[in-house]
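Heads up: the sequence shown runs through residues 24 to 274, numbered per the working numbering.
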Amino acid sequence: MTKVLVLGGTSEARTLAEMLDGDPRIDVVTSLAGRVRELVLPQGETRVGGFGGADGLAEWIARESVDVLVDATHPFAAQISVSARVAADASRIPLVQLIRPSWLPEQGDSWTPVSSTDEAATLVESVADRAFLTIGRQGVGSFARNERTWFLVRSIDAPGPSIPPNHELLLARGPFETTGEKDLMVSRGIDVLVSKNSGGAMTEAKLAAARDLGIPVVMIARPPVPPGDHVAGHAADVAAWLRSRLRRGTS
Ligand code: NAP
């Protein structure tokens with residue numbers, strides 16, 4: 024049996040767990056940070072909560088005799104991805120990175136790339152009257168000092184107390200579709216969309232809506248993370264890589 028630890032919290036991680044669950048040669052455990060109010064559990068075995076940094080993760084890997092580590096966390100979850108690299112090296116096991124492709128601008132898009140939420144906040148304050156903030160719960164605090172702009176803040180769970188004074192909070196979880204996103208942007212008079220370049224189909228409708236409505240997008244680039252030994256964009260690629268490894272008898 025090959026023991027696989029999937030660092031999850033994404034739809035890709037859930038798809039991978041579903042693909043591997045039931046394979047008699049593979050024992051999969053998905054790990055979740057456990058910070059969202061209503062956890063969406065993947066198929067198969069799960070564990071919840073931090074490991075206590077890279078050392079704690081390496082200890083867990085040793086204790087549970089993990090053979091392969093898969094980092095399928097969100098592209099903006101940089102800390103756990105650094106821990107994964109360090110722990111995989113210390114444990115001498117391969118690290119597979121499952122990272123969804125970035126969104127790319129299309130004809131008709133008007134994107135301004137920025138490298139952080141703080142940079143996005145500075146730009147928004149100078150250009151936006153009514154901004155649609157779709158960066159999740161974390162990072163909303165960067166916009167808290169902006170008293171000029173009105174914000175529509177959308178996240179799965181409510182952000183902390185550090186939030187811009189003029190705002191409406193919308194708690195919602197994707198998938199979203201273009202018509203609904205357009206209706207939302209028109210009804211709130213949105214003039215700028217703020218997004219992380221998360222990639223994936225679940226939340227990309229906002230970009231099509233902004234394109235159709237001629238609304239500019241402030242696009243926050245992904246933080247750098249150390250590369251995996253094998254990098255895949257889709258769950259099926261990781262499942263195929265694991266199975267070919269089993270056929271070769273590597274683990
Ligand atoms: P982060 O900043 O990279 O991680 C912070 C700490 O949370 C890590 O050091 C680790 O604690 C713990 N952690 C994170 N992911 C974990 C996992 N899968 N299993 C066990 N512990 C984990 O990550 P984050 O941005 O807070 O994201 C937390 C989770 O939410 C991730 O699983 C990610 O996939 C998901 N998520 C994040 C975003 C986003 O925009 N950041 C969006 C959607 C989903 P220890 O150091 O104690 O091990």
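Glycine included, C-beta positions come from ideal geometry on N, C-alpha and C.
With residue i as the anchor, note down where its beta strand (DSSP E) starts and where it stops.
{"i": "Met242", "result": "Val240 to Ile243"}
{"i": "Leu127", "result": "Per DSSP, Leu127 belongs to no beta strand (DSSP E) and is neither H nor E."}
{"i": "Val254", "result": "His253 to Ala255"}
{"i": "Ser178", "result": "Trp173 to Ser178"}
{"i": "Val217", "result": "Val215 to Lys219"}
Looking only at its own chain, which residues have a Cβ that is under 8 Å from the Cβ of residue i, when we skip the five neighbours before and after it?
{"i": "Ile116", "result": "Ile84, Val89, Asp90, Val91 and Leu92"}
{"i": "Thr135", "result": "Leu146, Pro239, Val240, Val241 and Met242"}
{"i": "Glu87", "result": "Lys26, Leu28 and Val52"}
Since residue i sits in a beta bridge, which residues does DSSP pair it with?
{"i": "Leu236", "result": "DSSP output for Leu236 lists no bridge partner at all."}
{"i": "Asp94", "result": "Leu30 and Gln120"}
{"i": "Val147", "result": "In DSSP, Val147 forms no bridge with anything."}
{"i": "Leu194", "result": "Ser178"}
{"i": "Thr53", "result": "Val29 and Thr69"}
{"i": "Leu156", "result": "Val176 and Val217"}
{"i": "Thr38", "result": "In the DSSP output, where bridge partners are listed per residue, Thr38 has none listed."}
{"i": "Thr201", "result": "Beta-bridge pairing links Thr201 to no other residue."}
{"i": "Trp134", "result": "Val240"}
Our contact map puts residue i next to residue j with C-beta atoms below 8 Å; I'd like the distance itself, whole angstroms only.
{"i": "Gly222", "j": "Ser125", "result": "5 Å"}
{"i": "Ile6", "j": "Val217", "result": "Lying before the first or after the last residue shown, residue 6 is absent from the chain, which here runs from 24 to 274."}
{"i": "Val209", "j": "Leu236", "result": "7 Å"}
{"i": "Leu269", "j": "Thr25", "result": "6 Å"}
{"i": "Glu129", "j": "Arg234", "result": "7 Å"}
{"i": "Thr172", "j": "Glu148", "result": "6 Å"}
Does the distance from the CB of residue i to the CB of residue j come in under 8 Å?
{"i": "Ile179", "j": "Val59", "result": "yes"}
{"i": "Val52", "j": "Arg37", "result": "no"}
{"i": "Arg123", "j": "Glu68", "result": "no"}
{"i": "Leu62", "j": "Ala258", "result": "no"}
{"i": "Val137", "j": "Ala143", "result": "yes"}
{"i": "Lys229", "j": "Glu200", "result": "no"}
{"i": "Val248", "j": "Val27", "result": "no"}
{"i": "Ala113", "j": "Ala154", "result": "no"}
{"i": "Ala101", "j": "Pro246", "result": "yes"}
{"i": "Leu30", "j": "Ile103", "result": "yes"}
{"i": "Leu156", "j": "Phe174", "result": "yes"}
{"i": "Glu170", "j": "Pro188", "result": "yes"}
Between which residues of its own chain and residue i is the CB-CB distance below 7 Å, once the five residues before and five after are set aside?
{"i": "Glu227", "result": "Trp126"}
{"i": "Leu118", "result": "Leu92, Asp94, Ala107, Arg108, Ala111, Gly251 and Asp252"}
{"i": "Pro182", "result": "Arg160, Val163 and Val176"}
{"i": "Asp44", "result": "Val51, Gln66 and Gly67"}
{"i": "Val254", "result": "Gln120 and Ile122"}
{"i": "Arg48", "result": "Met24, Thr25 and Leu269"}
{"i": "Ala167", "result": "Ser185, Ile186 and Pro187"}
Just to check, is the beta-carbon of residue i closer than 7 Å to a non-hydrogen atom of the ligand NAD?
{"i": "Arg58", "result": "With respect to small molecules bound, the structure shown includes the ligand NAP and not the ligand NAD."}
Against chain C, with Cβ distances strictly below 8 Å, would residue i count as a contact?
{"i": "Pro239", "result": "Of the chains in the structure shown, none is chain C; there is only one protein chain."}
Residues in the same chain with beta-carbon distance under 6 Å from residue i, minus the five sequence neighbours each way, listed in chain order, please.
{"i": "Gly197", "result": "Met225 and Thr226"}
{"i": "Phe99", "result": "Lys219"}
{"i": "Asp141", "result": "Ser165"}
{"i": "Gly72", "result": "Gly57"}
{"i": "Asp132", "result": "Arg234"}
{"i": "Ala231", "result": "Thr201"}
{"i": "Asp152", "result": "Asp214"}
What residue range is occupied by the uninterrupted alpha helix (DSSP H) comprising residue i?
{"i": "Ser139", "result": "No alpha helix (DSSP H) holds Ser139; DSSP gives it neither H nor E."}
{"i": "Gln161", "result": "It is not in any alpha helix (DSSP H) - Gln161 carries neither H nor E in the DSSP assignment."}
{"i": "Ser114", "result": "Ala101 to Ser114"}
{"i": "Ser185", "result": "Counting along the chain, Ser185 falls outside any alpha helix (DSSP H), and DSSP gives it neither H nor E."}
{"i": "Arg168", "result": "Counting along the chain, Arg168 falls outside any alpha helix (DSSP H), and DSSP gives it neither H nor E."}
{"i": "Val261", "result": "Ala258 to Arg271"}
{"i": "Ala77", "result": "Gly76 to Arg86"}
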